[in-house]
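Colleague:
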Amino acid sequence: MSHSQAFNTITADGGYHAWLSYPALPPGNQRDLYLKWCGAVKVTEENDIIQAALQEWRKGIQSMLGIQVGSEANPQGLAVAFGTFQGENPLIRRVFGEETRRKVGPEGFAIRTSGDAGCIAIGAASPAGVLYGVFHLLRLIGSLKNIEGLDEVVNPVNGLRMINHWDNFDGSVERGYAGRSFFYENNQFTGELERIRDYARLMSSVGINAIAINNVNVHALETLFISKYLPEVAGIADVFRRYGIRLFLSVNFAGPMHEGEVGTADPLDPEVRKWWQDRAAEVYAAVPDFGGFVVKADSENRPGPFTYGRDHADGANMLAEALEPFGGLVIWRCFVYNCKQDWRDRKTDRARAAYDHFKPLDGKFNDNVILQIKNGPMDFQVREPVSPLFGALEQTNQVIEFQIAQEYTGQQRHVCYLVPQWKEVLDFNTYAQGEASPVKRIVDGSLWGSRHSGIAAVSNTGNDRNWTGHLLAQANLYGYGRLAWNPELTAEAIAAEWISLTFGPDPAVSGVISRILLDSWNIYESYTAPLGVGWMINPEHHYGPNVDGYEYSQWGTYHYADHKGIGVDRTVKTGTGYSAQYIGTNAERYDSVEECPDELLLFFHHVPYTHVLHSGKTVIQHIYDTHFEGAERAAELLAAWSSLKGSIREDLYIQVEERLKEQADHAKEWRDQINTYFYRKSGIGDAGQRTIY
1 MSHSQAFNTI TADGGYHAWL SYPALPPGNQ RDLYLKWCGA VKVTEENDII QAALQEWRKG
61 IQSMLGIQVG SEANPQGLAV AFGTFQGENP LIRRVFGEET RRKVGPEGFA IRTSGDAGCI
121 AIGAASPAGV LYGVFHLLRL IGSLKNIEGL DEVVNPVNGL RMINHWDNFD GSVERGYAGR
181 SFFYENNQFT GELERIRDYA RLMSSVGINA IAINNVNVHA LETLFISKYL PEVAGIADVF
241 RRYGIRLFLS VNFAGPMHEG EVGTADPLDP EVRKWWQDRA AEVYAAVPDF GGFVVKADSE
301 NRPGPFTYGR DHADGANMLA EALEPFGGLV IWRCFVYNCK QDWRDRKTDR ARAAYDHFKP
361 LDGKFNDNVI LQIKNGPMDF QVREPVSPLF GALEQTNQVI EFQIAQEYTG QQRHVCYLVP
421 QWKEVLDFNT YAQGEASPVK RIVDGSLWGS RHSGIAAVSN TGNDRNWTGH LLAQANLYGY
481 GRLAWNPELT AEAIAAEWIS LTFGPDPAVS GVISRILLDS WNIYESYTAP LGVGWMINPE
541 HHYGPNVDGY EYSQWGTYHY ADHKGIGVDR TVKTGTGYSA QYIGTNAERY DSVEECPDEL
601 LLFFHHVPYT HVLHSGKTVI QHIYDTHFEG AERAAELLAA WSSLKGSIRE DLYIQVEERL
661 KEQADHAKEW RDQINTYFYR KSGIGDAGQR TIY
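Number 106 in full-length UniProt numbering belongs to position 106 of the sequence shown; there are no gaps in the numbering.
#1: DSSP on Gly83, reduced to helix/strand/coil?
#2: Does DSSP put Arg333 in a helix, in a strand, or in coil?
#3: Considering just the uninterrupted stretch of the alpha helix (DSSP H) at Thr100, what are its terminal residues?
#4: Which residues bound the alpha helix (DSSP H) around Gly630?
#5: Since I believe Ile141 is in contact with Tyr34 (beta carbons under 8 Å), could you give me their beta-carbon distance rounded to a whole number of angstroms?
#6: Hey, could you find the ends of the alpha helix (DSSP H) Lys340 is sitting in?
#7: Could you tell me whether the Cβ atoms of Val154 and Val233 are closer together than 8 Å?
#8: What runs of the alpha helix (DSSP H), each 4 residues or longer, lie entirely inside the stretch 231-260?
#9: Can you check which of these residues, Ala634, Glu658 and Arg58, is closest to Lys645 by C-alpha distance?
#10: What residues in its chain sit with their C-beta under 8 Å from that of Ser514, if we drop five residues either side in the sequence?
#11: For a minimum of 4 consecutive residues, which ranges assigned as the alpha helix (DSSP H) are wholly contained in the stretch 141-219?
#12: For Gln381, count neighbouring C-beta atoms within 10 Å of its own C-beta (all shown protein chains included) and say buried if the count is 16 or more, exposed if not.
#13: Taking only the alpha-carbon atoms, compute the straight-line gap between Ile623 and Thr557 and give it to the nearest angstrom.
#14: Check for me: the alpha helix (DSSP H) holding Thr676 runs from which residue to which?
#15: Alpha carbon to alpha carbon, how far is Gly504 from Ser4? Give it in angstroms, no decimals.
#16: On the premise that His614 lies in contact with Asp598, defined as a C-beta separation below 8 Å, what is that separation, rounded to the nearest angstrom?
#17: With DSSP as the reference, identify every bridge partner of Gln62, one or two as the case may be.
#18: Rounded to the nearest angstrom, how far is the Cβ of Val369 from that of Asn397, given a contact under 8 Å?
#19: Give, in chain order, every unbroken run of the beta strand (DSSP E) that is at least 3 residues long and sits entirely within the stretch 554-612.
#20: Specify the secondary structure class of Cys119 as computed by DSSP and reduced to three states.
#21: Could you spell out where the alpha helix (DSSP H) holding Leu321 opens and where it closes?
#22: Quick one: any contact between the stretch 125-142 and the stretch 165-179, if contact means 3 or more CB pairs under 8 Å?
#23: In this structure, how does DSSP classify Gly616 when only helix, strand and coil are distinguished?
#24: Quick test of the definition: if touching needs 3 or more C-beta pairs under 8 Å, does the stretch 55-73 touch the stretch 17-29?
#25: Please report the straight-line C-alpha distance between residue 754 and Asp13, rounded to a whole angstrom.
#26: Any idea what DSSP makes of Glu424, helix, strand or coil?
#27: Hey, quick one: how far does the alpha helix (DSSP H) through Ser520 stretch, first residue to last?
#28: Please report the straight-line C-alpha distance between Pro539 and Trp343, rounded to a whole angstrom.
#29: Are Met378 and Gly534 touching if we call contact CB-CB under 8 Å?
#30: Count the C-beta pairs between the stretch 201-220 and the stretch 471-488 that are closer than 8 Å, then say yes if the count reaches three, no if not.
#31: So, helix, strand or coil for Ser114, using DSSP?
#32: Should Asp591 be labelled buried (16 or more other beta-carbon atoms within 10 Å of its own) or exposed?
#33: Would Tyr693 be called buried (16 or more neighbouring beta carbons within 10 Å of its own) or exposed?
#34: So Glu45 and Gly105 are in contact, right, with Cβ under 8 Å, and what is the actual spacing, rounded?
#35: Can you tell me whether Asp167 is buried or exposed, with buried defined as 16 or more other CB within 10 angstroms of its CB?
#36: Grouping DSSP H, G and I as helix and E and B as strand, with all else coil, what is Pro270?
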């Protein structure tokens with residue numbers, strides 16, 4: 001019997017408990033060490049969040065070590081103690097002096113192993129910090145890390161660490177690939193508070209502190225969430241509050257008109273402004289710690305201030321004034337573009353839109369407005385450049401928006417671990433203030449001293465038993481939270497944590513799954529749209545290959561392939577001028593066909609199929625090679641997973657095996673359609689003389 005068979009005692013939950021499964025730990029020195037320190041717990045505060053932390057601690061230790069945690073120290077006099085610095089716990093007061101306390105931020109914690117006090121102490125300035133500290137210690141134990149000699153202060157890098165749900169009141173989830181909503185069904189709240197509580201536990205365990213529970217495309221009934229349905233909203237907020245999470249709502253900019261009380265939604269109209277002020281007061285009466293509003297306006301046929309000749313600062317500031325007395329935030333999305341473009345028009349460029357709309361408004365937004373900017377200028381493609389808005393807005397609060405949901409990266413039917421992609425984006429140097437101006441310093445607020453900042457992402461969850469459809473897609477949800485907490489964590493370290501916490505700390509199992517995850521983004525990219533050009537998918541549902549699916553549409557999503565070449569000219573001299581939206585070095589590099597990175601060449605340049613890449617291959621040969629190799633490597637993912645049969649729980653093994661089989665087959669379809677299309681288009685054969693149809 002393998003290590004995992006013997007010691008992975010996850011209940012038969014189909015992956016429901018995810019990384020909070022707390023697999024039983026194997027016998028050995030580390031387990032003995034944990035038993036020595038973790039048999040007792042000292043907690044004195046009755047705060048709901050701290051009591052949730054205590055419940056989690058007892059649950060985790062019982063599952064991992066097989067012991068009931070008592071309140072009396074073991075014969076050696078050792079215990080775990082946690083609480084706030086303001087609390088009455090004598091061990092916390094003894095272990096943490098004033099100097100340490102000053103280093104701990106509002107949501108941070110200090111953790112120290114104290115032989116003198118006979119405890120591992122977790123102290124924090126807030127109950128939420130205590131909860132994060134307890135999850136941190138459980139994570140160390142679940143990963144078989146040493147807990148003797150702990151002495152550190154841990155603070156989250158980003159203030160706002162947010163999840164955006166695109167759940168609709170009818171129970172559907174826009175761009176959802178893991179079942180239906182667990183918040184709503186048939187235009188009613190599900191009332192599944194136990195599941196919502198487990199979701200809040202998962203999110204809090206990775207540091208999420210804000211969740212918007214409804215789709216940014218707000219329909220008629222969802223417009224009533226800030227009025228008629230406030231009692232149900234408050235019930236969910238009560239669950240979230242116990243785990244340090246503030247609830248946000250997406251709102252309809254035309255709400256005053258939808259409810260029939262005002263004949264306009266003009267943000268400068270006094271009646272409209274009063275309507276929103278009244279609604280804000282009602283919301284905060286029901287949910288005192290309400291986070292604020294998320295807004296999609298003037299985008300993809302959503303109403304907005306443009307209707308009234310106003311700009312986005314006018315619209316956002318009107319809402320901000322309504323929320324400001326209560327400490328609420330307006331999260332205003334920058335996904336604004338012309339979605340009715342003429343495909344014949346090569347000067348209009350969707351990629352330019354966010355910058356063109358919002359750069360002129362820098363400094364005009366109220367202090368409690370945060371612009372939410374997608375990581376790239378298009379729409380969560382497998383490869384696109386970083387949005388040039390990062391680095392352009394010196395006087396405006398901003399958060400970056402990622403998409404955990406795999407809309408364009410395999411829809412949770414293909415494995416595509418996105419943490420490496422997000423790391424690249426966060427590490428990208430904007431040159432906004434010289435060499436040390438990466439995106440991560442903009443969104444954490446440190447580059448310009450922003451009042452509000454952080455990271456948001458579109459959720460990949462649903463009511464599937466394992467939350468994410470594909471079991472391995474849990475790694476993206478986990479990884480997003482960990483990266484939002486600390487962007488310095490590596491993709492490798494995050495993957496290793498998730499694997500150990502989910503499957504148990506078996507090095508052989510971890511090695512296989514880690515390799516699958518870390519290779520998966522590159523593999524998916526290699527058999528889909530080449531060299532940053534994007535799209536090439538079926539319209540509407542966005543799954544599967546269709547090279548010309550969007551080529552003659554109104555969405556601004558073109559590749560311009562003809563018999564001579566391919567790519568979008570976004571240069572200053574002959575193209576749309578998009579490259580000039582970047583700063584200094586980046587603008588020069590992207591504008592030059594010689595200097596542009598291969599992986600983004602077709603995003604910025606239209607080139608002949610015979611153009612030679614930095615790799616030494618022609619564009620056409622690169623397309624052929626990557627698609628043949630990508631399909632082969634997708635099959636290798638399945639083979640690698642097959643090596644784990646008998647080493648992990650059968651139900652989890654089967655879940656992933658089924659998805660990897662589909663991926664291997666689907667990768668062949670991508671390979672054959674892409675290669676055949678470009679062979680027929682260019683008339684240039686494959687140097688390897690492989691089969692192309």
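Each residue gets a CB set at the ideal place from its N, CA and C atoms; glycine is no exception.
Modeller: Put simply:
#1: strand
#2: strand
#3: Glu98 to Lys103
#4: Val619 to Ser642
#5: 6 Å
#6: Premise fails: Lys340 is in no alpha helix (DSSP H) and is neither H nor E.
#7: no
#8: 255-258
#9: Glu658
#10: Glu492, Ala495, Ala496 and Ile499
#11: 193-205
#12: buried
#13: 19 Å
#14: Glu650 to Ser682
#15: Caution is warranted here: a pLDDT of 37 is assigned to Ser4, below 50, making its placement in the model unreliable, and the coordinate value is therefore given only provisionally. Their Cα atoms are separated by approximately 7 Å.
#16: 5 Å
#17: For Gln62, which the question treats as bridged, DSSP gives no partner whatsoever.
#18: 6 Å
#19: none
#20: strand
#21: Strictly speaking, residue 321 in this sequence is Glu, with Leu absent from that position. Where Glu321 is concerned, the enclosing alpha helix (DSSP H) stretches over His312 to Leu323.
#22: no
#23: coil
#24: yes
#25: With the chain covering only 1 through 693, there is no way to say anything about residue 754.
#26: helix
#27: Pro507 to Ser526
#28: 15 Å
#29: yes
#30: yes
#31: strand
#32: buried
#33: exposed
#34: The Cβ separation is near 19 Å, so there is no contact.
#35: buried
#36: helix
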